[in-house]
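S.K.: My questions all concern the structure below.
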Amino acid sequence: MKNYSGRSLKQFNMEKEHLKENYYVSGHTACAGCGQSMAVRIVMNTAGPNTIATNATGCLEVFSSKAPQSAFGVPWIHSLFENSAAIASGVEAALDQQGKKDKINVIAQAGDGGTADIGLQALSGMLERGHDVLFVCYDNEAYMNTGIQRSGLTPFSAHTTTSPSGKKSSGNPRPKKPVVEICAAHHIPYSATSSIANPKDIEIKVKKALQIKGPKYLQIHVPCPLGWRSESSLSIEIAKQAVNTGLYPIVEYEYGKLTKVRKIPSPKPVSEYLKLQGRFKHLLKNQEEIAAVQKVADKNIDYYGLK
Amino acid sequence: MRRFIEGSHAMAEATKLCRPEVIAAYPITPQTHIVEHLSQFIADGNLNAKSINVESEHSAASCVLGSQAAGSRSFTCTSSQGLILMSEVLFCIAGMRLPVMLICANRAVSAPINIWNDQQDSIAIRDAGLIQIYAENIQEAVDLIIAGHKIGENPKVMLPVMVCVDGFILTHGMEVVDIPSQDKVDNFLPPYNPPYKLDINNPMSFGLLGDPSVYTETRYAIQKTLEDVLQIIPKVGGEFNDIFGRSSVGLIEEYKTSDAETILVAMGSVCGTIKDIVDIQRNKGKKIGLLKIIAYRPFPQAEVKKALSQAKNVGIVDKNISLGSNGALYSEIKSILPEKIKVNGFVAGLGGRDIKPSTVEKIIESTEKEENPCKFVDLNEELLWKEFKTV
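If you read the sequences in order, they're chains V and G.
Note that the working numbering has the first sequence beginning at 145, numbered continuously upward.
Note that the working numbering has the second sequence beginning at 379, numbered continuously upward.
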């Protein structure tokens, strides 16, 4: 019968003055250097206390909500892997019926698997029905919580436990699923990418999205030291290189049209990004393999007009 | 008001009287008219609710999970494959203690695909933690929907309620039904006022990770609550009777069992057919009766045991089969009866095959003569694999 109050950790940390306005607090069990955890804090603190958050199963849910504690200072609900968007749809409908919708933000959260794979149908339904919800995908590019298995958002050539590199394999054989465009194709008011490389960018985009009534999608690139086999201290640096090489284009779509991109006038070679991560280690001795990844970046630069 | 009305329409009227605030459903095959009627009520301004046309039954259940958690009375309905697709979410709705109302139009489960009635779908999710109550006729369906809200939303209960109605037989059949007045229903059922909800003024986290140190206690809590529901259902049944003048809400119904030597046990619409046969055979001097199970979850063990204690022969009719074992009701009841009572299990009415008066007569005959845990009734020998033919 008990639902555990999300206040336990929050109240504890409230004593620390600098955490006063935090709606996602420390004390959770995320790994050191977890990009997702950093992004969640920015999203929650930007949205503020008048927010209800839903969550898909995954790393975030596991490391933030071990009973009887919760890191969330706003009302938060998790039930399953594939239904964060549908739960958010129900919450939004209830608030609308209660006449409270205009005062409360509804934010649906999921990882890349819960967004691009198992949760895509529910997400598409939420977008198509026009719910006033911001869906945030924390994209760490694999199923990290279950042991680093490949998802639809795993990048080309990345080694995961289900797309391993080997004598006959260069890792993941497919490029990332274009989820930001799939969402934009619903002609929703706002569909964008961001990255923990630029915390201010996340803040601006969350603010912008929450001012728009209707369905919004924000996909944030969040390095995972465990799954990417990278130094915890390098998470921000790695995220920056993903943007600077063109491998993670920072773009905004409004009503289906590409309206803004983050320009990279002199893109870095992809090796600058790859060499920081164990998941790409198998590529580094082979120039052809690196060239194949460079092609992905070049294609992005050309397709989105990043230069 | 008494009306000659289709079952789905009557159930939609009953749902409307309960003032749902959010409705989410998906028209999976097979479909009933319940949500269509509710949508029309909203379109005509006769029901103030949000209707969400979701993209799957999984999302239907997820939407009502979210809306109920946000503090709004929520409704969904489904059947068969739809219920199976929802099942993952239904475990969550129960585990998160949210009193969603669900109507299950009982139908067979694929394969082979079959849109007709049996009770395999609801039986398949009996372990989810939902309260399951079965209606014999359309009037009972209406009554159980109204009473079901009050049972599930009791602050001591806070569990989802599934009202099970036989597909086609009750959803598409027509009967004269008393649709109560809004005043009476309002008098019986107060607005939904949950002890907890998603509230920005009192932020709580729902659906946390429960590791081995806490998980067992959450299951224990549901089990203990369901034991309490065995007291709450008759209590709500009494209140229902006071206001509406019908004793349709309870755990079981005993039909001419007090002196019966042979008692059949069944759930749902087949009870109507069995009652007719009981009457006919009683007129011929046979001491026979029917025990109707209304509450399947929680299962009223003590009441069932008591109702059958004086019988010599018990014949249990299951419109389901736990393949590799027996019918669900048979297993449930056989385990609590003393050895001296002869208990027969019958599997009948699967995939919409009619349970005719002659079927019931065959069941009674076997009940008195034989002792089988799992006898399929009315098998078509011509369709059986050669090695399975009995004649």
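Just so you know, even glycine gets a beta-carbon here, dropped at the ideal spot from N, CA and C.
Just how far apart, CA to CA, sit K443 of chain V and L463 of chain G?
M.R.: Translated into positions along the first sequence, residue 443 of chain V becomes position 299. Translated into positions along the second sequence, residue 463 of chain G becomes position 85. Straight-line Cα distance between these residues: approximately 40 angstroms.
S.K.: For L480 of chain G, list the residues DSSP reports as bridge partners.
M.R.: Counted from its first residue, the second sequence places residue 480 of chain G at position 102. Answer is G:T454 and G:M540.
S.K.: Looking only at its own chain, which residues have a Cβ that is under 7 angstroms from the Cβ of E435 of chain G, when we skip the five neighbours before and after it?
M.R.: Here residue 435 of chain G corresponds to residue number 57 of the second sequence, with the count starting at 1. Closer than 7 angstroms at Cβ, skipping near neighbours: Y404, I406, T456, G460, L463 and M464.
S.K.: Give the DSSP-derived three-state secondary structure of Y447 of chain V in the structure shown.
M.R.: Locating residue 447 of chain V in the first sequence gives position 303, where the first residue counts as 1. In this structure, Y447 of chain V counts as helix in the three-state DSSP scheme.
S.K.: Got a sec: is the Cβ-Cβ distance from G507 of chain G to anything in chain V below 8 angstroms?
M.R.: For this step, residue 507 of chain G is matched to residue 129 along the second sequence. Not one chain V Cβ lies under 8 angstroms of G507 of chain G.
S.K.: Going by C-alpha to C-alpha distance, which of G:I699, G:S583 and G:P735 sits closest to I503 of chain G?
M.R.: The sequence position of residue 503 of chain G within the second sequence is 125, counting from 1. Of the candidates G:I699, G:S583 and G:P735, the one whose C-alpha sits nearest the C-alpha of I503 of chain G is G:I699.
S.K.: Determine the extent of the alpha helix (DSSP H) in which I251 of chain V is found, giving its start and end residues.
M.R.: Here residue 251 of chain V corresponds to residue number 107 of the first sequence, with the count starting at 1. Unbroken run through I251 of chain V is the beta strand (DSSP E), N249 to G255; no alpha helix (DSSP H).
S.K.: Pairing CB atoms from the stretch 169–181 of chain V with CB atoms from the stretch 228–239 of chain V, are three or more of them under 8 angstroms?
M.R.: Counting Cβ pairs under 8 angstroms, fewer than three are found: no touch.
S.K.: Please state if the CB of L586 of chain G and the CB of G538 of chain G are separated by a distance shorter than 8 angstroms.
M.R.: Against the second sequence, residue 538 of chain G aligns to sequence position 160. Against the second sequence, residue 586 of chain G aligns to sequence position 208. Here residue 538 of chain G is Pro; the residue named in the question, Gly, does not match the sequence. The answer is no: Cβ separation not under 8 angstroms.
S.K.: For H467 of chain V, which residues does DSSP report across the bridge?
M.R.: The structure shown does not extend to residue 467 of chain V, since chain V is modelled only from 145 to 451, so the question has no answer here.
S.K.: State buried or exposed for W494 of chain G, treating a residue as buried only when at least 16 other CB atoms are found within 10 Å of its CB.
M.R.: The sequence position of residue 494 of chain G within the second sequence is 116, counting from 1. By the neighbour-count rule (16 or more Cβ atoms within 10 Å), W494 of chain G is buried.
S.K.: Return the residue from the list G:D564, G:R485, G:V442 and G:E760 that minimises the CA-CA distance to L731 of chain G.
M.R.: The residue you call residue 731 of chain G lines up with position 353 of the second sequence. Reading off the sequence shown, one finds Arg at residue 731 of chain G, where the question assumed Leu. Taking only the C-alpha atoms, the option nearest R731 of chain G is G:R485.
S.K.: Taking only the alpha-carbon atoms, compute the straight-line gap between H162 of chain V and I186 of chain V and give it to the nearest angstrom.
M.R.: The residue you call residue 162 of chain V lines up with position 18 of the first sequence. The residue you call residue 186 of chain V lines up with position 42 of the first sequence. Interpretation of H162 of chain V is limited by its pLDDT of 48, a score under 50 that renders its predicted location unreliable; the figure taken from the coordinates is listed afterwards. So the two alpha carbons sit approximately 15 angstroms from each other.
S.K.: What would DSSP say about T393 of chain G, mapped onto helix, strand or coil?
M.R.: Your numbering for residue 393 of chain G matches position 15 in the second sequence. In this structure, T393 of chain G counts as helix in the three-state DSSP scheme.
S.K.: By the three-class DSSP mapping on this structure, what secondary structure does L757 of chain G have?
M.R.: For the purposes of this step, residue 757 of chain G is taken as the residue at position 379 of the second sequence. L757 of chain G: coil per DSSP, three-state reduction.
S.K.: Thinking just about the alpha-carbon of each residue, which of V:K425, V:C281 and V:Y334 is nearest to the one in S301 of chain V?
M.R.: Taking the first sequence and counting its residues from 1, one reaches residue 301 of chain V at position 157. Closest option to S301 of chain V, Cα to Cα, is V:K425.
S.K.: For the stretch 650–663 of chain G against the stretch 700–709 of chain G, are there 3 or more C-beta pairs whose distance is under 8 angstroms?
M.R.: no
S.K.: Provide the residue span of the beta strand (DSSP E) that contains N199 of chain V, from first to last.
M.R.: Translated into positions along the first sequence, residue 199 of chain V becomes position 55. First-last of the beta strand (DSSP E) with N199 of chain V: T195 to N199.
S.K.: Here's the rule I'm using: 16 or more other beta-carbon atoms within 10 Å means buried, otherwise exposed. How should D657 of chain G be labelled?
M.R.: Within the second sequence, the letter at position 279 stands for residue 657 of chain G. By the 10 Å Cβ count, D657 of chain G comes out exposed.
S.K.: Can you find a C-beta in chain G that's less than 8 angstroms from the C-beta of N289 of chain V?
M.R.: The residue labelled residue 289 of chain V in the question sits at position 145 within the first sequence. Not an interface residue.
S.K.: How about the stretch 213–228 of chain V and the stretch 570–579 of chain G: do they share at least three Cβ pairs that are nearer than 8 angstroms?
M.R.: Contact holds: three or more Cβ-Cβ distances are below 8 angstroms.
S.K.: Jot down the residue ranges of each uninterrupted beta strand (DSSP E) in the stretch 165–222 of chain V, minimum 3 residues, whole runs only, in chain order.
M.R.: 195–199 and 220–222
S.K.: Check the Cβ of H527 of chain G against every Cβ in chain V and list those closer than 9 angstroms, keeping chain order.
M.R.: As a position in the second sequence, residue 527 of chain G is number 149, starting the count at 1. Ordered by position in chain V, no residue passes the 9 angstroms Cβ test against H527 of chain G, which lies about 16 angstroms from the chain.
S.K.: DSSP three-state label for M474 of chain G, please.
M.R.: Walking along the second sequence from the start, residue 474 of chain G turns up at place 96. M474 of chain G: coil per DSSP, three-state reduction.
S.K.: Going by DSSP in three states, C752 of chain G sits in which element: helix, strand or coil?
M.R.: Against the second sequence, residue 752 of chain G aligns to sequence position 374. Coil, per DSSP.
S.K.: Indicate the three-state DSSP secondary structure (helix, strand or coil) for E384 of chain G in the structure shown.
M.R.: As a working note, residue 384 of chain G is residue 6 in the second sequence. It is a strand residue.
S.K.: Under 8 angstroms, do V487 of chain G and A392 of chain G count as touching if we go by C-beta distance?
M.R.: By one-based count along the second sequence, residue 487 of chain G stands at place 109. By one-based count along the second sequence, residue 392 of chain G stands at place 14. Taking 8 angstroms as the Cβ cut-off, V487 of chain G and A392 of chain G do not qualify as a contacting pair.
S.K.: When burial is assigned at 16 or more other CB atoms within 10 Å of the CB, is K154 of chain V buried or exposed?
M.R.: Position 10 of the first sequence, counted from the first residue, corresponds to residue 154 of chain V. Confidence at K154 of chain V is low in this model, with a pLDDT of 44, below 50, so its placement is unreliable and no value can be given for it.
S.K.: Could you tell me which chain V residues have their CB closer than 8 angstroms to the CB of N431 of chain G, listed as they occur along the chain?
M.R.: Residue 431 of chain G sits at position 53 when you count from the first residue of the second sequence. Here the neighbours are R273.
S.K.: Please classify K747 of chain G as buried or exposed, where buried requires at least 16 neighbouring CB atoms within 10 angstroms.
M.R.: By 1-based counting over the second sequence, the position of residue 747 of chain G is 369. K747 of chain G should be labelled exposed.
S.K.: Flag A232 of chain V as yes if its beta-carbon sits less than 8 angstroms from any beta-carbon of chain G, otherwise no.
M.R.: Taking the first residue of the first sequence as position 1, residue 232 of chain V is located at position 88. Answer yes: the Cβ-Cβ gap between A232 of chain V and chain G drops below 8 angstroms somewhere.
S.K.: For R731 of chain G, report the span of its alpha helix (DSSP H) as first-last.
M.R.: Here residue 731 of chain G is taken as the residue at index 353 of the second sequence, counted from 1. Taken as a continuous stretch (DSSP letters only), R731 of chain G belongs to no alpha helix (DSSP H), as it is neither H nor E.
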